[in-house]
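Asks:
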Amino acid sequence: MAAACLALGTGHALAQQPPIDDGFTHPLDRLEFNAGLDQQVFEQATFEALDVYDPLETVNRHIYHFNYQLDQWVMLPVVRGYQYVTPRFVRRGVSNFFENLGDVPNLVNSVLQLKPKRAMQTTARLLFNTVLGVGGLWDPATRMGLPRQPEDFGQTLGYWGVPPGPYLVIPALGPSNLRDATGLLTDNAIRQEINFLNYADASSDYWALPVLRAIDTRYTTPFRYGQLNSPFEYSKVRYVYTRARQLQVEE
Numbered sequence: 011m012a013a014a015c016l017a018l019g020t021g022h023a024l025a026q027q028p029p030i031d032d033g034f035t036h037p038l039d040r041l042e043f044n045a046g047l048d049q050q051v052f053e054q055a056t057f058e059a060l061d062v063y064d065p066l067e068t069v070n071r072h073i074y075h076f077n078y079q080l081d082q083w084v085m086l087p088v089v090r091g092y093q094y095v096t097p098r099f100v101r102r103g104v105s106n107f108f109e110n111l112g113d114v115p116n117l118v119n120s121v122l123q124l125k126p127k128r129a130m131q132t133t134a135r136l137l138f139n140t141v142l143g144v145g146g147l148w149d150p151a152t153r154m155g156l157p158r159q160p161e162d163f164g165q166t167l168g169y170w171g172v173p174p175g176p177y178l179v180i181p182a183l184g185p186s187n188l189r190d191a192t193g194l195l196t197d198n199a200i201r202q203e204i205n206f207l208n209y210a211d212a213s214s215d216y217w218a219l220p221v222l223r224a225i226d227t228r229y230t231t232p233f234r235y236g237q238l239n240s241p242f243e244y245s246k247v248r249y250v251y252t253r254a255r256q257l258q259v260e261e
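The following block contains the structure:
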């Protein structure tokens, strides 16, 4: 009883004390609003924050819409059919195989970016996955602590100070810029020249191989048009791509 009275008395005494004027007791009392800041100014500031150099925006938007239609009416139905007729382990094996091929330009670009540790890890991945993984159908390297570390020639150019240039939307491929589009062509030339596992020669003789690669690329890409549920999707995708590439170059 005495303890309860003591607690009650202490609480009453604390309640009678004036609050400490530390700026946190009534924070809204000191908050000032700018009456001239309307919705239009706010939206303009938001778009400026998302601004990306895009002098070909009109053309890019048309290509973006074309890619959306291509994806909805061709690529996604093909991917759904691919999922329906092939077991999961087969799809995983196909993805592993193409990822193993992709480690060849990853290795070249790691060397060009003067990243010896990453180059050695990618070399080890290629050896383990090609030999133990039966040409790359399995991925034992990841389980051995050697995760895939993508590097492309666009990143290499950025590493050596080449600016991204104007934003581009490539038909069927999606967001890019002038530097990364150049890098894409260079990486493809590297794959053709090295001809790892004789894939370049085989793909020129059997059209099903590049078609399967295109299907696997779309299957493993999680992005879906319209998933942002925003009328400003083009601007958001443009900003996210540009920012992500900047971080990859700086990595």
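First residue of the sequence shown? That's 11 in our numbering, and the numbers climb one at a time after it. Cβ atoms here follow ideal geometry from the backbone N, Cα and C, with glycine treated the same way.
Which same chain residues, not among the five before or five after residue 151, have their C-beta less than 6 Å away from its C-beta?
Replies: 135, 138, 139
Asks: I'd like to know if residue 166 contacts chain C, where contact means its C-beta is closer than 8 Å to some C-beta of that chain.
Replies: Of the chains in the structure shown, none is chain C; there is only one protein chain.
Asks: Rounded to whole angstroms, what's the CA-CA distance from residue 103 to residue 110? Just pull it up for me.
Replies: Rounded to the nearest angstrom, the two C-alpha atoms are 10 Å apart.
Asks: So, for residue 74: in the same chain, excluding its five sequence neighbours on each side, which residues have a beta-carbon less than 7 Å away from its beta-carbon?
Replies: 179, 244
Asks: Which same chain residues, not among the five before or five after residue 108, have their C-beta less than 6 Å away from its C-beta?
Replies: 223, 226
Asks: Can we say the segment 166-173 touches the segment 188-201, given the rule of at least three CB pairs closer than 8 Å?
Replies: yes
Asks: Contact check, residue 143 vs residue 149 under 8 Å by CB: the rounded distance?
Replies: 6 Å
Asks: Reducing DSSP to helix, strand and coil, say where residue 62 ends up.
Replies: Of the three classes helix, strand and coil, the one that applies to residue 62 here is coil, per DSSP.
Asks: Counting only runs of 4+ residues fully inside the segment 190-223, write out the alpha helix (DSSP H) ranges in chain order.
Replies: 209-215
Asks: Buried or exposed: where does residue 259 fall if 16 or more other Cβ atoms within 10 Å of its Cβ makes it buried?
Replies: buried
Asks: Return the first residue and the last residue of the beta strand (DSSP E) that residue 179 is part of.
Replies: If you look at residue 179, you'll find it in the beta strand (DSSP E) that goes 177-180.
Asks: Under DSSP, the beta strand (DSSP E) around residue 174 begins and ends at which residues?
Replies: Note, residue 174: premise wrong, no beta strand (DSSP E); not H, not E.
Asks: Of all the options 128, 99, 79, which has the alpha carbon lying nearest to the alpha carbon of residue 113?
Replies: Check the Cα spacing between residue 113 and each of 128, 99, 79: the tightest is with 128.
Asks: Reducing DSSP to helix, strand and coil, say where residue 164 ends up.
Replies: helix
Asks: Rank 95, 77, 124 by C-alpha distance to the C-alpha of residue 236 and give the top, closest one.
Replies: 77
Asks: How would you call residue 119, buried or exposed, if buried means at least 16 neighbouring beta carbons within 10 angstroms?
Replies: Around the beta carbon of residue 119, 16 or more other beta carbons lie within 10 angstroms, which makes this residue buried.
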